[in-house]
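In our numbering, the protein residues as written are 1 to 125.
Even glycine gets a Cβ: it sits at the ideal position worked out from N, Cα and C.
Only a predicted model underlies this, so the values are computations on that prediction, with no experimental measurement involved.
Read through the structure below, which is laid out as structure tokens, and then see the notes.
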């Protein structure tokens, strides 16, 4: 029974880890991987498309609510690779870390990933 439970929980666990990778990538980008630079990012924009896939736009918001774009800083540290592991199939793992900000008629949903919550991995995954 434990093996079945572990197997059933695997998609949500993967999603949780990918969100942590996204949070780490934003930190790396904004601090130049030195962890000594300014880091004021609070939310990262993610979009769930009707096809079930998630993409990251590179748009983020600061703690004061200012909208900025990671593309202005250069390399995105493989963020697309982490976002490719998210989708409708593991929504239960990443949606609790997000706030839906827009739902379009075609089924596209835009979210803000809470970077602080995403970076805090639970003790047991």
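**Request:** Sort 104, 45, 94 and 116 by Cα distance to residue 12 and report the nearest one.
**Result:** 94
**Asked** Mind pulling the beta strand (DSSP E) runs of 3 or more residues that sit fully within the stretch 72-125?
**Response** 98-103 and 109-114
**Prompt:** For residue 9, which of helix, strand or coil comes out of DSSP?
**Reply:** helix
**Request:** Mark residue 67 as exposed unless 16 or more other C-beta atoms lie within 10 angstroms of its C-beta, in which case mark it buried.
**Result:** exposed
**Asked** Mapping DSSP to helix, strand and coil, what is residue 69?
**Response** strand
**Request:** Identify every run of the beta strand (DSSP E) within the stretch 15-57, keeping only runs that are complete inside it and at least 3 residues long; order them along the chain.
**Result:** 41-48
**Request:** Check whether the Cβ atoms of residue 56 and residue 87 sit closer than 9 Å, and answer yes or no.
**Result:** no
**Nearest to residue 111 (by Cα), restricted to the options 46, 84, 15 and 85** = 46
**Asked** Can you tell which of 122, 91 and 41 has the C-alpha that lies nearest to the C-alpha of residue 27?
**Response** 41
**Item:** Residues bridged to residue 60 [DSSP beta-bridge criterion]
**Value:** 44 and 68
**Request:** For residue 61, collect the residues of the same chain with a Cβ closer than 6 Å to its Cβ; drop the 5 residues on either side in sequence, then sort them by chain order.
**Result:** 42, 43 and 67
**Prompt:** My guess is that residue 16 and residue 121 are in contact by the Cβ rule of under 8 Å, so how many angstroms apart are they, rounded?
**Reply:** 7 Å
**Prompt:** residue 79: buried (16+ other C-beta within 10 angstroms of its C-beta) or exposed?
**Reply:** buried
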